[in-house]
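>
Protein chains: 2
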Amino acid sequence: MNQIITIGREFGSGGREFGRRLAEELGYEYYDKEIIAEIAKKTELSESYVQQIVERQPHRLFPITVGQSLAYVNKYQNDLIVKVFNAQCEILKDLAEKSNCVFVGRCADYILKDYKPLKIFIYSDLKSKIERCKERNNDNLTEDDIRKAIKRIDKERAKYYEFYTGHKWGDKENYDFCINTSNTDIKLLVSVIAKIFK
Amino acid sequence: MNQIITIGREFGSGGREFGRRLAEELGYEYYDKEIIAEIAKKTELSESYVQQIVERQPHRLFPITVGQSLAYVNKYQNDLIVKVFNAQCEILKDLAEKSNCVFVGRCADYILKDYKPLKIFIYSDLKSKIERCKERNNDNLTEDDIRKAIKRIDKERAKYYEFYTGHKWGDKENYDFCINTSNTDIKLLVSVIAKIFK
Chain E
120 MNQIITIGRE
130 FGSGGREFGR
140 RLAEELGYEY
150 YDKEIIAEIA
160 KKTELSESYV
170 QQIVERQPHR
180 LFPITVGQSL
190 AYVNKYQNDL
200 IVKVFNAQCE
210 ILKDLAEKSN
220 CVFVGRCADY
230 ILKDYKPLKI
240 FIYSDLKSKI
250 ERCKERNNDN
260 LTEDDIRKAI
270 KRIDKERAKY
280 YEFYTGHKWG
290 DKENYDFCIN
300 TSNTDIKLLV
310 SVIAKIFK
Chain L
120 MNQIITIGRE
130 FGSGGREFGR
140 RLAEELGYEY
150 YDKEIIAEIA
160 KKTELSESYV
170 QQIVERQPHR
180 LFPITVGQSL
190 AYVNKYQNDL
200 IVKVFNAQCE
210 ILKDLAEKSN
220 CVFVGRCADY
230 ILKDYKPLKI
240 FIYSDLKSKI
250 ERCKERNNDN
260 LTEDDIRKAI
270 KRIDKERAKY
280 YEFYTGHKWG
290 DKENYDFCIN
300 TSNTDIKLLV
310 SVIAKIFK
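Chains E and L supply the protein sequences, listed in that same order. Mapping the first sequence onto the working numbering, position 146 (from 1) lands on 265, and the numbers just tick up by one. Mapping the second sequence onto the working numbering, position 151 (from 1) lands on 270, and the numbers just tick up by one.
Laid out in structure tokens, this is it:
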């Protein structure tokens with residue numbers, strides 16, 4: 120069986136960089152946003168719509184329009200959500216069959232549980248998260264904007280994870296290793312953690 | 120500065136074995152119950168009484184006796200608690216100055232924060248904890264007895280930690296690495312984790 124590493128992460132904790140660098144260091148495949156594109160292909164929905172479905176709570180997707188039956192909206196909505204999640208499961212399993220790989224997000228720890236993945240969760244204190252976001256801030260956001268974005272995105276990730284897995288996102292019980300990246304250089308951290316796999 | 124590793128652990132998670140083996144593997148000093156004996160020497164209290172103070176909530180130490188002043192009891196009790204905790208802090212810092220070392224429990228992560236310890240928390244699911252306790256069960260306890268003991272001891276550890284540090288015991292924010300030992304052989308785990316330090 121291939122070695123599968125799944126990475127859950129708080130926004131701004133450096134989890135994506137950690138996953139990418141770890142895959143690079145180990146010579147594993149790395150999957151993150153590529154999966155959205157694959158789901159879009161498989162379901163014939165637009166990438167931006169798939170992104171919305173996989174990152175937000177279902178009830179936020181469909182505003183109720185006057186004159187439209189709520190039951191109809193719910194049925195259509197549910198079918199799409201199920202379709203997208205099924206496509207996601209199939210894609211993740213296909214990739215896990217192919218080679219050793221690192222998955223970031225996408226409930227991969229839950230979807231791939233039969234592949235006995237090593238489940239990592241990356242987190243850090245708020246100060247470090249704000250610092251990391253500032254470094255890559257292309258939109259001239261204020262510190263307060265960044266703080267709000269971190270809170271909002273993590274809340275959405277938590278709801279998404281809990282909706283599909285029934286487990287609490289970020290709860291250490293659901294992971295094998297939880298790694299705190301506060302005041303830590305991710306490149307250096309990966310060079311140390313990669314030793315575990317060698 | 121010496122390399123200090125502190126280990127917090129759930130009862131039955133194999134945290135003590137993890138700490139002992141890690142120290143052995145790295146050639147570091149290992150401190151656990153020895154600290155109680157040192158505190159007893161320093162404070163001239165009995166080891167069993169020190170054990171009680173460092174593992175239980177202060178209010179459980181002194182039953183209120185008829186005819187005895189509550190204020191007097193509280194004053195005496197508080198002085199002892201402060202004395203024991205101060206002794207513990209001094210002993211931990213003296214040991215941290217001497218050599219690289221691994222500390223299990225004793226709020227060492229908090230007391231030694233100026234020494235920038237690597238803070239590890241060891242946990243596992245209830246099933247694995249019960250299994251581990253059964254293996255070393257010398258008292259013919261039933262599974263239900265073991266389950267109750269795990270719950271009680273972890274509750275006491277949590278209260279002790281929170282009383283002295285003001286932080287939530289087992290909350291991943293307080294540690295650098297949290298390691299899940301469910302269904303894991305501790306010896307094998309240590310041989311892998313030790314690579315991080317080499």
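Each residue gets a CB set at the ideal place from its N, CA and C atoms; glycine is no exception.
1. Please work out which residues of its chain come closer than 7 Å, Cβ to Cβ, to valine 201(E), disregarding the five sequence neighbours upstream and downstream, and give them in chain order.
2. So what's lysine 270(L) in DSSP terms, helix, strand or just coil?
3. List the whole-angstrom C-beta distance separating alanine 206(L) from isoleucine 158(L), where the pair is believed to meet the contact cut-off of C-beta under 8 Å.
4. By how many angstroms is the C-alpha of isoleucine 124(L) removed from the C-alpha of isoleucine 241(E)?
5. Report yes if the CB atom of glutamate 216(E) is closer than 9 Å to the CB atom of asparagine 299(E), and no otherwise.
6. In whole angstroms, what is the alpha-carbon distance linking isoleucine 230(E) and cysteine 208(L)?
7. So, does the CB of isoleucine 298(L) fall closer than 9 Å to a CB anywhere in chain E?
8. Nearest chain E C-beta to lysine 232(L) closer than 9 Å, yes or no?
9. When the Cα atoms are used, what is the spatial distance from leucine 318(L) to arginine 135(E)?
10. Here's a check: name, in chain order, each residue in its chain whose Cβ is nearer than 8 Å to the Cβ of aspartate 295(L), leaving out the five neighbours to either side.
11. Using 9 Å as the limit for Cβ to Cβ distance, is phenylalanine 181(L) near chain E?
12. Expressed to the nearest angstrom, what Euclidean distance is found between the alpha-carbon atoms of valine 169(E) and aspartate 198(E)?
13. Could you tell me the distance, in whole angstroms, from the CA atom of phenylalanine 222(E) to the CA atom of lysine 291(L)?
14. Would you tell me roughly how many angstroms separate the C-alpha atoms of aspartate 264(L) and cysteine 226(E), rounded to the nearest one?
15. Determine the extent of the alpha helix (DSSP H) in which tyrosine 229(L) is found, giving its start and end residues.
16. Determine the contact status of threonine 303(L) and serine 247(L), defining contact as a CB-CB distance below 9 Å.
17. Just how far apart, CA to CA, sit threonine 261(E) and glycine 224(E)?
18. Could you name the residues of the same chain whose beta carbon sits closer than 6 Å to that of valine 185(E), not counting the 5 residues immediately before and after it, in chain order?
19. What is the C-beta distance between glycine 133(L) and arginine 251(L), in whole angstroms, given that I count them as a contact (C-beta under 8 Å)?
20. Could you give the C-beta distance for arginine 140(E) and isoleucine 249(E), rounded to a whole number, given that I count them as a contact under 8 Å?
21. In the DSSP assignment, the alpha helix (DSSP H) including leucine 138(L) goes from what residue to what residue?
22. Using only alpha-carbon positions, find the residue among Arg276(L), Lys161(L) and Lys235(L) that is nearest to glycine 131(L).
23. Should phenylalanine 240(E) be flagged as near chain L, meaning a C-beta pair shorter than 9 Å?
24. Got a sec: is the Cβ-Cβ distance from tyrosine 294(L) to anything in chain E below 9 Å?
25. Just to confirm the assignment, what range does the beta strand (DSSP E) spanning threonine 162(E) have?
26. What would DSSP say about lysine 253(L), mapped onto helix, strand or coil?
27. By how many angstroms is the C-alpha of alanine 313(E) removed from the C-alpha of lysine 274(E)?
28. How many angstroms separate the CA atom of leucine 214(L) from the CA atom of cysteine 220(L)?
29. So which residues on chain E does lysine 314(L) lean against when the C-beta distance must stay under 7 Å?
30. Just the C-alpha distance for lysine 297(L) and cysteine 297(E), rounded to the nearest angstrom, thanks.
31. Round the Cβ separation of phenylalanine 137(L) and leucine 308(L) to the nearest angstrom and send it over; I've been treating them as touching at under 8 Å.
32. Opposite asparagine 299(L) in the DSSP bridges: which residues?
33. Determine which residues share a DSSP beta bridge with isoleucine 305(E) and list them.
According to the data block:
1. Start at 1 with the first residue of the first sequence, and residue 201(E) comes out as number 82. Close CB contacts of valine 201(E) within its chain, under the 7 Å cut and outside five residues either way in sequence, are absent.
2. As a position in the second sequence, residue 270(L) is number 151, starting the count at 1. Correct three-state label for lysine 270(L): helix.
3. Walking along the second sequence from the start, residue 206(L) turns up at place 87. Walking along the second sequence from the start, residue 158(L) turns up at place 39. With a Cβ gap of about 5 Å, alanine 206(L) and isoleucine 158(L) count as contacting.
4. One-based indexing of the first sequence puts residue 241(E) at position 122. One-based indexing of the second sequence puts residue 124(L) at position 5. C-alpha of isoleucine 241(E) to C-alpha of isoleucine 124(L): approximately 20 Å in a straight line.
5. Reading the first sequence from its first residue, position 97 is the one you call residue 216(E). Reading the first sequence from its first residue, position 180 is the one you call residue 299(E). Not closer than 9 Å, so no.
6. Numbered from 1 along the first sequence, position 111 holds the residue referred to as residue 230(E). Numbered from 1 along the second sequence, position 89 holds the residue referred to as residue 208(L). Between isoleucine 230(E) and cysteine 208(L), the C-alpha separation is close to 46 Å.
7. Counting from one through the second sequence, the residue named residue 298(L) turns up at place 179. Closer than 9 Å to the CB of isoleucine 298(L) there is at least one CB belonging to chain E.
8. Taking the first residue of the second sequence as 1, we reach residue 232(L) at position 113. Closer than 9 Å: no.
9. Lying outside 120 to 317, the shown extent of chain L, residue 318(L) is not represented and no answer is given.
10. The residue given as residue 295(L) occupies position 176 in the second sequence. Excluding residues within five positions, the ones whose Cβ falls inside 8 Å are Leu237, Lys238 and Ile239.
11. Taking the second sequence and counting its residues from 1, one reaches residue 181(L) at position 62. Per-residue confidence for phenylalanine 181(L) stands at a pLDDT of 47, beneath the threshold of 50, marking its modelled position as unreliable; no derived number is given.
12. The residue labelled residue 169(E) in the question sits at position 50 within the first sequence. The residue labelled residue 198(E) in the question sits at position 79 within the first sequence. Valine 169(E) and aspartate 198(E) have their C-alpha atoms some 13 Å from each other.
13. Along the first sequence, read from residue 1 onward, the residue named residue 222(E) stands at position 103. Along the second sequence, read from residue 1 onward, the residue named residue 291(L) stands at position 172. For phenylalanine 222(E) and lysine 291(L), the distance between alpha carbons rounds to 22 Å.
14. On the second sequence, position 145 is the one that residue 264(L) refers to. On the first sequence, position 107 is the one that residue 226(E) refers to. Rounded to whole angstroms, aspartate 264(L) and cysteine 226(E) show a C-alpha spacing of 37 Å.
15. Numbered from its first residue, the second sequence carries residue 229(L) at position 110. From DSSP, the alpha helix (DSSP H) with tyrosine 229(L) extends over 227-230.
16. Counting from one through the second sequence, the residue named residue 303(L) turns up at place 184. Counting from one through the second sequence, the residue named residue 247(L) turns up at place 128. Yes, the pair counts as a contact, with Cβ atoms nearer than the cut-off.
17. The count along the first sequence starts at 1 and reaches residue 261(E) at position 142. The count along the first sequence starts at 1 and reaches residue 224(E) at position 105. If I take the Cα positions, the gap works out to 27 Å.
18. As a first step, residue 185(E) must be located in the first sequence, where it is residue number 66. Caution is warranted here: a pLDDT of 45 is assigned to valine 185(E), below 50, making its placement in the model unreliable, and the coordinate value is therefore given only provisionally. Non-local C-beta neighbours of valine 185(E) in its own chain, meaning closer than 6 Å and more than five positions away in sequence, are absent.
19. As a position in the second sequence, residue 133(L) is number 14, starting the count at 1. As a position in the second sequence, residue 251(L) is number 132, starting the count at 1. That pair is a contact at about 6 Å.
20. If you number the first sequence from 1, residue 140(E) lands on position 21. If you number the first sequence from 1, residue 249(E) lands on position 130. 22 Å between Cβ atoms; not a contact.
21. Indexing the second sequence from 1 puts residue 138(L) at position 19. According to the sequence displayed, residue 138(L) carries glycine and not leucine. Following the DSSP letters along the chain, one finds glycine 138(L) inside the alpha helix (DSSP H) bounded by residues 134-145.
22. One-based indexing of the second sequence puts residue 131(L) at position 12. Glycine 131(L) has its Cα closest to that of Arg276(L), out of Arg276(L), Lys161(L) and Lys235(L).
23. Taking the first residue of the first sequence as position 1, residue 240(E) is located at position 121. Cβ-Cβ to chain L under 9 Å: yes for phenylalanine 240(E).
24. Walking along the second sequence from the start, residue 294(L) turns up at place 175. Judged by the 9 Å Cβ criterion, tyrosine 294(L) is in contact with chain E.
25. Within the first sequence, the letter at position 43 stands for residue 162(E). In the DSSP assignment, threonine 162(E) falls outside any beta strand (DSSP E) and within the unbroken alpha helix (DSSP H) covering 153-162.
26. Within the second sequence, numbered from 1, the residue matching residue 253(L) stands at position 134. Shown here, lysine 253(L) sits in a helix according to DSSP, grouped into three states.
27. Position 155 of the first sequence, counted from the first residue, corresponds to residue 274(E). Position 194 of the first sequence, counted from the first residue, corresponds to residue 313(E). Lysine 274(E) and alanine 313(E) have their C-alpha atoms spaced approximately 30 Å apart.
28. Reading the second sequence from its first residue, position 95 is the one you call residue 214(L). Reading the second sequence from its first residue, position 101 is the one you call residue 220(L). Cα-Cα distance, rounded: 8 Å.
29. As a position in the second sequence, residue 314(L) is number 195, starting the count at 1. Neighbours of lysine 314(L) across chain E, judged by C-beta separation under 7 Å: Lys314 and Ile315.
30. Within the second sequence, residue 297(L) is the residue found at index 178, counting from 1. Within the first sequence, residue 297(E) is the residue found at index 178, counting from 1. Per the sequence presented here, residue 297(L) reads as cysteine, with lysine not at that position. Rounded to the nearest angstrom, the two C-alpha atoms are 5 Å apart.
31. Numbered from its first residue, the second sequence carries residue 137(L) at position 18. Numbered from its first residue, the second sequence carries residue 308(L) at position 189. Indeed they touch by this definition, with Cβ atoms about 7 Å apart.
32. For the purposes of this step, residue 299(L) is taken as the residue at position 180 of the second sequence. Its beta-bridge partners are Tyr242(L).
33. Here residue 305(E) refers to the residue found at position 186 of the first sequence. Looking at the DSSP output, isoleucine 305(E) sits in no beta bridge, so it has no partner there.
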